[in-house]
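Structure record follows, encoded as structure tokens.
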Amino acid sequence: MYSYYALRAFGFRLPKALAMVITASQIIQMVVGCYVTYYGIVVQAEGKFCQITEGTAKLGLVMYGSYFVLFAHFFVKSYFAKASEKRQSTLSDAKSEAKQVSMKKRVLKAE
10 MYSYYALRAF GFRLPKALAM VITASQIIQM VVGCYVTYYG IVVQAEGKFC QITEGTAKLG
70 LVMYGSYFVL FAHFFVKSYF AKASEKRQST LSDAKSEAKQ VSMKKRVLKA E
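Mapped onto this note's numbering, the consecutive letters of the sequence shown carry residue numbers 10 to 120.
Structural data, given as structure tokens:
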């Protein structure tokens, strides 16, 4: 997965189907992480030995849960949003970048 992100950072475009599989596998990874962490909590609650501490388990659930939400949102936004919504998002990103560049130029001129 990290190789995919490295390629994207260098400007390479991979087929949409491959990108969807990678993102879907990350979503599955987060679901499995939540399940395993929750299972550890259940095992401890039954009085059985489990290596995970309660605090670590709770933080793990928060981490996996938040990553799940982020990846799921990215998946829907990237692969199922209407073309007009994607264009609008790209336009607002471009406008934001232009404002930042303009502000940086003003700061440099002021110095």
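Don't be surprised by glycine CBs; every beta carbon is placed ideally from N, CA and C.
{"Query": "Tell me the DSSP secondary structure of residue 43 in three-state form.", "Result": "helix"}
{"Query": "Alpha carbon to alpha carbon, how far is residue 63 from residue 31?", "Result": "31 angstroms"}
{"Query": "Note down, in chain order, each residue of its chain lying with its Cβ closer than 6 angstroms to the Cβ of residue 69, except the 5 sequence neighbours on either side.", "Result": "46"}
{"Query": "How would you write the range of the alpha helix (DSSP H) that residue 63 sits in, first residue to last?", "Result": "63-88"}
{"Query": "Please report how far the alpha carbon of residue 125 lies from the alpha carbon of residue 66, in whole angstroms.", "Result": "Here the chain covers residues 10 to 120 and nothing more, so residue 125 does not appear."}
{"Query": "Classify residue 109 as helix, strand or coil using the three-state DSSP reduction.", "Result": "helix"}
{"Query": "In this structure, how does DSSP classify residue 23 when only helix, strand and coil are distinguished?", "Result": "coil"}
{"Query": "With C-beta atoms as the reference, is residue 5 less than 8 angstroms away from residue 39?", "Result": "Any answer about residue 5 is impossible in this case: the structure gives the chain only from 10 up to 120."}
{"Query": "Express the C-alpha separation of residue 24 and residue 87 in angstroms, rounding to a whole number.", "Result": "13 angstroms"}
{"Query": "Considering only the alpha carbon of each residue, which of 48, 55, 34, 106 lies closest to residue 83?", "Result": "34"}
{"Query": "Is the beta carbon of residue 73 closer than 8 angstroms to that of residue 43?", "Result": "yes"}
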